[in-house]
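In this text, residue positions in the sequence shown follow the numbering used here: the first is 660, and each later residue adds one.
Here is the structure we will look at.
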Amino acid sequence: MLTAYDEQHAITYMRLLDAEGADWREVARIVPHIDPDREPDRARQAFDSHLPRAKWISRYGYLLRRGWPRADV
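Written as structure tokens, this is what we have:
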């Protein structure tokens, strides 16, 4: 089920999906803004936990069914 956290992070999920195939360090630096040189464990954890969730959400089309989050929310 789609959670409030998922809805709040829809942009992050889309950016992760768009960057798929890129080096995880660069993605961590750009998408969640975590420096993998300073915080390698945190950066890897963020990448490893959010990408599978993004794939799951996209596979089942939850963001399309529920609609894109409004910018003013």
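Every residue, glycine too, gets a C-beta built ideally from N, C-alpha and C.
Exposed unless 16 or more other CB atoms sit within 10 angstroms - verdict on residue i
i, result
"Ala-663", "exposed"
"Asp-694", "exposed"
"Asp-665", "buried"
"Leu-675", "buried"
Cβ neighbours of residue i in the same chain (closer than 8 Å, five flanking residues each side left out)
i, result
"Arg-697", "none"
"Thr-671", "Val-690, Pro-691, His-709 and Ala-713"
"Pro-711", "none"
Sequence-distant residues of its chain with Cβ nearer than 6 Å to residue i (five each side left out)
i, result
"Val-732", "At Val-732, the pLDDT of 47 sits below 50, so the modelled position is not reliable and the matter cannot be decided from this model."
"Ala-702", "Ala-687, Ile-693 and Pro-695"
Neighbourhood of residue i by C-beta, 7 Å cutoff - its chain only, sequence neighbours within 5 removed
i, result
"Ala-705", "Ala-687, Pro-691 and Ile-693"
"Ala-678", "Val-686 and Val-690"
Closer than 8 Å: residue i CB and nearest the ligand ADP heavy atom
i, result
"Asp-665", "This structure simply doesn't include the ligand ADP, nor any ligand for that matter."
**OP:** Flag this pair as touching only if the region 712-719 and the region 682-700 have three or more C-beta atom pairs under 8 Å; answer yes or no.
**Re:** They do not touch, by the three-pair rule.
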